[in-house]
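Novice: When we follow my numbering, the leftmost residue of the sequence shown carries the number 159, and every step to the right adds one. C-beta: ideal position from N, C-alpha, C; glycine also.
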Amino acid sequence: MLIKTPQPGDLRESDVTPESVYLSRRRFLGGLAGVGAGLALSGRAQAAAADYTDVPAGHPPTWLAGEIERAKWDAVVPQDPELDKLTPYQDASTYNNFYEFGTGKGDPSKRADSLTTQPWSVVIDGEVDNGGRVALEDLITPSRLEERIYRLRCVEAWSMVIPWLGIPLGDVIARAKPTAKAKYVRFETLVRPQEMPGQDSAFALIDWPYTEGLRLDEAMHPLTILGVGMYGRELPNQNGAPLRLVVPWKYGFKSIKSIVRISLVSEQPVNSWQAIAPDEYGFYANVNPQVDHPRWSQATERRLPNSLFNPHIIDTRMFNGYADQVASLYTGMDLRKQF
Ligand SMILES: Nc1nc2c(c(=O)[nH]1)N[C@H]1C(S)=C(S)[C@@H](COP(=O)(O)O)O[C@H]1N2
Ligand SMILES: [Mo]
């Protein structure tokens, strides 16, 4: 089967292919990411995913609006639709970690409206032949926007199931043409204290910018996406608008928000949480129920929404349930040491 990268303005295959054929094609594409192993397409869940009631209408830029409409038909959904019911938008957009807007879970949704997300551009630099500053639109539209329903497991032992809209990070890296010296990818969040009150705080733990990193093969893995939307709309600011990373088999802190710089580098970068407490937060941060945080167990997690009467505690799974897709990236590594 030929899989070509659509060019902007091309007729999408979904515009011309009967839905049954189209859906089986999607099943095949899902297979590339390792179906049978935790990801599968189901027509019912897909239809449900495509229809987000109770989600406030967004105001996406025009280049994104059409992409979003079409991508709703591209859902890759979790295998267990019961266990992995979508977290209500209300919870996913008001219970956040985004320290640029404060350390409270409710701070980002209260304060992040102040962030200007248009225009937005990203600098791609370091060990690349094709770097430079790229407008967000030009970064995204050469790829096909997809909906990906992923579990998000925070290192603090709570989790959600979120339908993201994004493109494979691997597409963006391939277009940048990494040199032979590129071994890791480093990401940076915007620094703009006038609009991000948490960056102005004298009590901030983080030495801004918030920084993250991946090994190049992790960055190229088909499950790793650059998100521009969720729940069938553009990202709310508190969830990392207009561009964030989503790496579903790693603790949530790896999924850096409001990205302005992507650098290909030869040395392993130091991520913000590792810099703050290297004994507690590592570079890899793979979800692992067998390796506890020094101050709490990682064996279980609180699936949101929960309450006193419905605590909803579930077992945490190795690599957040994506082991069949990603375990081979770590063959021969001691995951206790490289946590
Ligand atoms: N720039 C930046 N990115 C960030 C964070 C942050 O504080 N700043 N928090 C991380 C953490 S700890 C988690 S759990 C997720 C939360 O994503 P969500 O609020 O969309 O659920 O974002 C991650 N990305
Ligand atoms: Mo987190």
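(1) Excluding the 5 residues flanking Trp454 on each side, which residues of the same chain have their C-beta closer than 7 Å to its C-beta?
(2) Just the Cα atoms here: how many angstroms apart are Thr261 and Glu438?
(3) Per the contact definition of three or more C-beta pairs closer than 8 Å, is the stretch 444-452 in contact with the stretch 475-491?
(4) From this set, Val281, Tyr257, Ser251, which residue's C-alpha is nearest Pro532's C-alpha?
(5) List the endpoints of the continuous alpha helix (DSSP H) containing Met378.
(6) At what residue ranges does the stretch 359-433 contain a whole run of the alpha helix (DSSP H), taking only runs of 4 or more?
(7) Would you identify the three-state DSSP class for Gly324, choosing helix, strand or coil?
(8) May I have a chain-ordered list of the beta strand (DSSP E) segments no shorter than 3 residues that lie completely inside the stretch 287-357?
(9) Any heavy atom of ligand 2 closer than 6 Å to the beta-carbon of Asn255?
(10) Determine the DSSP secondary structure at Asp249, reduced to helix, strand or coil.
(11) Just to confirm before moving on: does the CB-CB distance between Pro367 and Thr347 stay below 7 Å?
(12) In whole angstroms, what separates the C-alpha of Pro300 from that of Ile417?
(13) Considering only residues of the same chain and omitting the five flanking positions on each side of Arg291, which have a CB-CB separation below 6 Å?
(14) Could you tell me the alpha carbon to alpha carbon distance between Ser486 and Tyr257, rounded to whole angstroms?
(15) Please state whether the Cβ-Cβ distance between Glu376 and Leu273 is less than 7 Å.
(16) Just the C-alpha distance for Asp492 and Tyr342, rounded to the nearest angstrom, thanks.
(17) Taking Gly284 as part of the beta strand (DSSP E), name the residues at either end of that continuous run.
(18) Under 7 Å, do Ala229 and Leu303 count as touching if we go by C-beta distance?
(19) So is Arg494 buried or exposed if we call it buried at 16+ other beta carbons inside 10 Å?
(20) Per DSSP, which one or two residues make a beta bridge with Thr458?
(21) In chain order, what residues of the same chain have a beta carbon less than 8 Å from the beta carbon of Ser499, not counting five sequence neighbours either side?
(22) Excluding five sequence neighbours on each side, which residues of the same chain lie with their C-beta closer than 6 Å to the C-beta of Glu171?
(23) Which stretch, first to last residue, makes up the alpha helix (DSSP H) that contains Glu227?
(24) Just verifying my parser: in three-state terms, what is the DSSP assignment at Asn444?
(25) Is the distance from the Cβ of Gln396 to the Cβ of Ser317 below 7 Å?
(26) Among residues of its own chain, excluding the 5 on either side of Thr484, which ones have a beta-carbon nearer than 6 Å to its beta-carbon?
(27) To which residues of the same chain is Glu177 closer than 7 Å at the C-beta, ignoring the five residues directly before and after it?
(28) Going by the CB atoms, is the gap between Gly224 and Arg391 shorter than 7 Å?
(29) Could you pull out every residue in the same chain whose Cβ sits closer than 8 Å to the Cβ of Ser359, ignoring the five residues on either side in sequence?
(30) Excluding the 5 residues flanking Gly385 on each side, which residues of the same chain have their C-beta closer than 6 Å to its C-beta?
(31) Sort out for me which residues DSSP pairs His451 with in a bridge.
(32) Assign Tyr480 to one of two classes, buried (16 or more other C-beta atoms within 10 Å of its C-beta) or exposed (fewer than that).
Specialist: With the given structure in hand:
(1) Ala315
(2) 18 Å
(3) yes
(4) Here the chain has residues from 159 to 497 only, and residue 532 is not among them.
(5) 374-378
(6) 374-378
(7) In this structure, DSSP gives Gly324 an extended state, which the three-state scheme calls strand.
(8) 290-293, 304-311, 316-326, 342-347
(9) The answer is yes for Asn255.
(10) helix
(11) yes
(12) 18 Å
(13) Ser279, Val281
(14) Across the structure, Ser486 and Tyr257 are spaced so that their CA atoms are roughly 33 Å apart.
(15) no
(16) 19 Å
(17) 279-284
(18) yes
(19) exposed
(20) Asp473
(21) Coverage of the chain is limited to positions 159 through 497, which leaves residue 499 absent and any answer about it impossible.
(22) The predicted model places Glu171 with a pLDDT of 37, which falls under 50 and marks its position as unreliable; any figure quoted below should be read in that light. So no residue of the chain qualifies.
(23) 220-229
(24) In this structure, Asn444 counts as strand in the three-state DSSP scheme.
(25) no
(26) One point to set straight first is that residue 484 is Val, not Thr, in the sequence displayed. Excluding sequence neighbours, Val484 sits near Trp407, Phe477.
(27) Confidence is the limiting factor: at Glu177 the pLDDT is only 40, short of 50, which leaves the residue's position unreliable, though a coordinate-based value still follows. Same-chain partners within the cutoff: there are none.
(28) no
(29) Gly260
(30) Trp322, Gly324, Arg402, Val404
(31) Trp454
(32) buried
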